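Remarks on the structure that follows.
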Ligand SMILES: *Cc1c(COP(=O)(O)O)cnc(C)c1O
Ligand SMILES: [Zn+2]
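In the numbering used here, the protein residues as written are 119 to 528.
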């Protein structure tokens, strides 16, 4: 049973009835879903979760969906937590784990937030889904709208990767390519959300949408045997999921679902060429908007709404916010693929790039449990890997030709 009590302002703690709104009328702070944890503690246990479906909906009691409503699901979540022994050996980490979010239905972490958002929207009488997207969100909203039988408008920057547009368009949404960057797309959608009676996943229904992120961290703890890791590396675009992973950890502890232990350090990863949060973290100043110019387009938010909360959480938990250069992003995609057999998109390159940088700088002794969230699939950003044909030789269909071309193979 979902035990949503209200929407509460993260800044001034004013409370509102649960509804499609995301900012506080009084102070413009962001709104959060607040639960009745007294009820939750009685109803949720490791056993009740493990008995649930093999998807993120096993955590339904901790998600904001109306009682009795059918979730809109494609089997999202419960992605593999991979013990990365070869990448770990490379980096001097014997307990390195990768949460492989490329395995979600539309191949990114966004399916978690979107499954929750579309479920909530349908249960609350909306017939049209919309979103402002850097790519993966559009992909996911289009798929889940199709699944729910809802009308769909996705707003994207006109210069998005071709593969992301294609994998979105196949679900037959209205694709609105906006001649501008993501921050302009987002501003346009905020204006439209005021007058169109639509559920914009990451705007008016953002408090409900954002809750879906928590399941990534719940699952990580469950898959570690209900233990918390020492540190989690999380890519940052708006910072929305980073903040929710912290909320998830607090809930896991409060509800007694995990073994007692030190609170995990939460560390953020940004592309150097779009690093407003890392810059503010390092200089100790407030987050200043930047103009993104990076191949990590899924993280290219120059004015991140949750930036200051990310910095507070990183500081409060002993984490850091670090960056990867464009070159390091590509190298890291290739390193991850060659050592672990996982093909990540540029956001994964940012995460592994930061992991590698911190490992080389001596951040860890070597036996800490470090988990990196690999949030999107490499098929979405194929164009960033140069010269993939460097691995290919063309031969005649004969043994002789093979042996001439590969004289040292046997
Ligand atoms: C959206 C996205 C993120 C980051 O999300 P925020 O919650 O906006 O910080 C990370 N990785 C991928 C692949 C994404 O699509
Ligand atoms: Zn407020």
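Even for Gly, the Cβ is constructed at its ideal location relative to N, Cα and C.
The structure presented is a predicted model; accordingly, all values stated were derived computationally and were not measured.
Own chain partners of residue i with C-beta closer than 8 Å, once the 5 adjacent residues on each side are dropped
i	result
residue 100	It is not possible to answer for residue 100, since the shown part of the chain is limited to 119 through 528.
residue 477	209, 210, 211
residue 424	148, 356, 357, 358, 360, 361
residue 385	349, 350, 351, 352, 432, 437, 438, 439, 440, 472, 476
residue 404	398, 426
residue 382	346, 347, 348, 349, 350, 367, 435
residue 296	273, 274, 275, 276, 302, 303, 306
residue 252	274, 275, 278, 300, 355, 415, 416, 417, 418, 419
residue 221	197, 198
residue 387	351, 352, 353, 354, 439, 440, 441, 442, 468, 469, 471, 472, 473
residue 364	384, 431, 435
Contacts around residue i, its chain only, beta-carbon distance under 6 Å, and the 5 residues preceding and following it disregarded
i	result
residue 244	317
residue 421	301, 407
residue 133	124, 126
residue 227	219, 493
residue 289	260, 261, 264
residue 152	123, 124, 126
residue 461	455, 496
residue 411	391
residue 370	339, 376
residue 270	247, 260, 263, 291
Residues bridged to residue i [DSSP beta-bridge criterion]
i	result
residue 216	200, 490
residue 133	126
residue 495	462
residue 269	246
residue 226	494
residue 141	148
residue 399	Per DSSP, none; premise fails for residue 399.
residue 317	247
Cutoff 7 Å; reference residue i; Cβ partners in own chain excluding five residues on either side
i	result
residue 322	138, 139, 140, 311
residue 193	173, 223
residue 522	none
residue 87	Not covered by the structure: residue 87. The range shown for the chain is 119 to 528.
residue 463	416, 494, 495, 496, 498, 499
residue 121	153, 154, 157, 158
residue 320	249, 250, 255, 327
residue 308	321
residue 298	275
Continuous alpha helix (DSSP H) stretch holding residue i: start and end
i	result
residue 432	425–435
residue 166	164–168
residue 93	Residue 93 is absent from the model: the chain starts at 119 and stops at 528.
residue 517	517–523
Enclosing beta strand (DSSP E) for residue i [first to last residue]
i	result
residue 151	149–153
residue 246	246–250
residue 439	439–442
Residue-chain proximity (residue i, chain D), Cβ-Cβ < 8 Å
i	result
residue 249	Looking for chain D here will not work: only one protein chain is present.
Original post:
Touching or not, the region 390–404 and the region 363–382, by the rule of three or more beta carbon pairs under 8 Å?
Top reply: In this structure the region 390–404 does not lie against the region 363–382, because fewer than three pairs of beta carbons, one per stretch, are closer than 8 Å.
Original post:
Do three or more CB pairs link the region 197–208 to the region 437–457 at distances below 8 Å?
Top reply: Cβ pair count under 8 Å is three or more, so yes.
Original post:
Are three or more beta carbon pairs between the region 319–332 and the region 164–172 nearer than 8 Å?
Top reply: Short answer: they don't touch.
**OP:** With a floor of 3 residues, list each beta strand (DSSP E) that falls wholly inside the region 271–303, ordered by position along the chain.
**Re:** Entirely contained in the region 271–303, the beta strand (DSSP E) runs reaching 3 residues are, in chain order, 292–296.
Subject >> the region 495–514 in contact with the region 281–298 per 3-pair CB rule at 8 Å >> reply: Yes, they touch.
**OP:** Any chance you could list the alpha helix (DSSP H) runs of at least 4 consecutive residues sitting entirely within the region 456–492, in chain order?
**Re:** DSSP runs (the alpha helix (DSSP H)) wholly in the region 456–492: 464–478.
**OP:** Please specify which runs of the beta strand (DSSP E), each continuous and at least 3 residues long, are wholly inside the region 337–396, giving them in chain order.
**Re:** Correct list: 349–353, 383–389.
Original post:
Hey, is the region 485–499 in contact with the region 509–522, meaning 3+ C-beta pairs nearer than 8 Å?
Top reply: The answer is no - the region 509–522 does not touch the region 485–499, with fewer than three Cβ pairs under 8 Å.
Original post:
Does the region 466–481 touch the region 446–453, meaning 3 or more C-beta pairs lie closer than 8 Å?
Top reply: Because the criterion of three Cβ pairs below 8 Å is met, the region 446–453 and the region 466–481 touch.
**OP:** Assess, as a yes-or-no matter, whether the region 430–446 is touched by the region 180–189 under the definition of 3 or more beta carbon pairs within less than 8 Å.
**Re:** Touching, no, given that fewer than three Cβ pairs across the two stretches are closer than 8 Å.
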